[in-house]
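The structure appears right after this line, and notes come after that.
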Amino acid sequence: MRKNDKIRITLLSRGTTYRAILNEKEIVEALNKIDGYEVRRVVYDKKISFVKQLEITHNTDVFVSMHGAGLTHLLFLPDWAAVFEVYNCEDPNCYADLTRLRGLKYITWERKDKLVQQDQGHHPEGGSHAKFTNYSFDVDEFLRLIEIGAEHVRNRKDFQNFIDASRKYMETVHEEL
């Protein structure tokens, strides 16, 4: 059950050398200023059990991550959720297809002029590649894309039904106390 109808946004932060969001702190601060959002930044690593990772993911409305294996957590999102693959690193179909097969809304970065690639990337054997560097993103554009996901969630009937059921449950519990 939920205590409010805020859109729950989970930003999966990469604890790796590549595909980090360089201005992640600034983005999270901007998201936290929006009244209708509840933002959580997580790193899914060995410090968080897999069961806890699933719990966090299942309690997410908009799941946000750079391209990478962590996006497979989208399989455990609620049916109304949206997936924001911040940047697909020139691999446009991988998580877009998985998201579509799961029946969720997919969003990815649309404007290359609104991102800054740290360098050309350093694949250990194959030369430069978009998957082997880090990125900074225009905060306003980031917020715009998040809002597309949030609006999708708000408009889903199953989300609205869940919120209504949560309210009724909370009212019942409150009356019993």
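In case it helps, the working numbering puts the sequence shown at residues 13 to 189. Using N, Cα and C, we set each Cβ at its ideal position, and we do this for glycine too. Since the structure is predicted, the reported quantities are computational estimates derived from the model, not experimental observations.
Taking a contact as a CB-CB distance under 8 Å, the pair T111 and H85 does not count as one, their CB atoms being some 11 Å apart. Within the same chain, F75, L86, T111, L116 and Y118 come within 6 Å of V95 by CB-CB distance, once the 5 residues on both sides are set aside. The residue from I46, A93, L43 and Y56 with its alpha-carbon nearest to that of R168 is A93.
Nearest to W121 by C-alpha distance, out of E159, A81 and K15, is E159. Exclusion of the five residues before and after N35 leaves S148, F149 and V151 as the residues of its chain whose Cβ lies within less than 8 Å of its Cβ. Ranking Q172, R179 and E41 by CA distance to the CA of D73 puts Q172 first. Taken through DSSP and simplified to helix, strand or coil, S148 comes out as strand. Around the C-beta of G82, 16 or more other C-beta atoms lie within 10 Å, and the residue is accordingly described as buried. A direct Cα-to-Cα measurement between R179 and D17 gives close to 9 Å. For A108, the enclosing alpha helix (DSSP H) starts and ends at C106 to R114. Annotated three-state conformation of T84 is helix, per DSSP. L23 and V51 have their alpha carbons spaced roughly 8 Å apart. According to the DSSP secondary-structure assignment, T120 is paired through a beta bridge with E97.
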